[in-house]
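Participant:
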Amino acid sequence: MIIISNLMKFSTNSNIFHKGFEIGILIKFIDGFLEIIGGVLLLFLNPSRLSDLVVLLTQHELSEDPRDVIANFMIKLSSKFTISTQYFGVFYLISHGIVKLILIIFLWKRRSWAYPLTIMSLILFIIYQIYRYILHPSSWLIILTVFDIIMIILTFIEYRRIKSFHNPKHS
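Numbering-wise, our numbering comes out as the position in the sequence shown, counting from 1, plus 2.
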């Protein structure tokens, strides 16, 4: 009876964090799956194909308004897409996606070793994202980094919850 009472008390205090963790890993799972698909698709999108695609998508708009901000931005952005950018994108997306999916599967299975490994992986991804941001500032990298920091906090809280659930006398 005491154990059930303690679990109920702990559950009500951490329910929002647990739900946040569950939603976060679901988002990470979907993101990992999409990263793998994106990486595979990126294999087929070399700089020449991207340039052709951007010209096709923007030619009508630029014929009406040669100063169109979005169309010109797309052309400028596509001109920076190189073979090394393509290779980096393929490697990063596929490897990042696979690591995410594997870790999330083990988190769903409540493998205790997966929590610290996930936290370490997220820290490494954050370090790399900061490095990439220094080289090429991007608001998406900031958003991704903030989300990863939130996921580290939620993963840590969930790890403590799982450990205290399995070892009630230590809580």
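Every residue, glycine too, gets a C-beta built ideally from N, C-alpha and C.
Identify, in the order they occur along the chain, each residue of the same chain with its Cβ nearer than 7 Å to the Cβ of I4, setting aside the five sequence neighbours on each side.
Facilitator: Sequence index remark: in the sequence shown, residue 4 carries index 2 (1-based). Low confidence applies here, because I4 scores a pLDDT of 46, under 50, leaving its location unreliable and the question unanswered by this model.
Participant: Near E37, what residues of its chain come up, given a Cβ to Cβ distance below 8 Å and the 5 sequence neighbours on each side ignored?
Facilitator: Position 35 of the sequence shown, counting from 1, holds the residue named residue 37. Excluding sequence neighbours, E37 sits near L95, I96, H98, G99 and K102.
Participant: For the alpha helix (DSSP H) holding K82, just list the boundary residues, first then last.
Facilitator: Counting from one through the sequence shown, the residue named residue 82 turns up at place 80. Run containing K82: none; DSSP gives neither H nor E here.
Participant: Grab me the residues of R134's own chain with a C-beta within less than 8 Å of its C-beta, minus the 5 sequence neighbours each way, in chain order.
Facilitator: As a first step, residue 134 is located in the sequence shown; it is residue number 132 there, counting from the start. Cβ within range, chain order: S140 and L143.
Participant: Check L126 in the structure and name its three-state DSSP category.
Facilitator: To locate residue 126, count along the sequence shown from 1; it is residue 124. DSSP places L126 in helix when its eight states are reduced to three.
Participant: Considering only C-alpha positions, which residue in the set D150, I129, I77 and A116 is nearest to R162?
Facilitator: Here residue 162 corresponds to residue number 160 of the sequence shown, with the count starting at 1. The candidate whose alpha carbon is nearest that of R162 is A116.
Participant: For a test of the three-state rule: what should DSSP assign to K78, helix, strand or coil?
Facilitator: On the sequence shown, position 76 is the one that residue 78 refers to. It is helical.
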